[in-house]
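K.L.:
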Amino acid sequence: MKAKTILDAEKKDAIDIATELCYSEEVKRKIALAKSVYEIGRILKQARLDQE
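Numbering (the numbering used here), first residue to last: 13 to 64.
#1: Less than 8 Å between the CB atoms is what I'm expecting for E22 and I52, so what's the real figure, rounded?
#2: Check whether the Cβ atoms of I18 and A30 sit closer than 8 Å, and answer yes or no.
#3: In terms of alpha-carbon separation, which member of K47, S48, A26 lies closest to A59?
#4: With DSSP as the reference, label Y35 as helix, strand or coil.
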């Protein structure tokens, strides 16, 4: 159960970061649906590359 809590906390932090960096709602939706911290990192990295 603790892992679920950590993943939820990471999702919230990642969504806050995505909001601050003005990423699209689609990026935020993908983060919310992510199944692992690794996947969240991959989504944020791709969003950064797409924004450049």
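Heads up, the beta-carbon is just placed ideally off N, CA and C, and yes, glycines get one too.
P.N.:
The answer reads as follows:
#1: Against the sequence shown, residue 22 aligns to sequence position 10. Against the sequence shown, residue 52 aligns to sequence position 40. Between E22 and I52 the beta-carbon gap is near 6 Å, inside 8 Å, which marks them as a contact.
#2: Walking along the sequence shown from the start, residue 18 turns up at place 6. Walking along the sequence shown from the start, residue 30 turns up at place 18. Not a contact, by the Cβ cut-off of 8 Å.
#3: Position 47 of the sequence shown holds residue 59. Answer by Cα proximity: A26.
#4: In the sequence shown, residue 35 corresponds to position 23, counting from 1. In the structure shown, Y35 sits in coil (DSSP, three-state: anything other than H, G, I, E or B).
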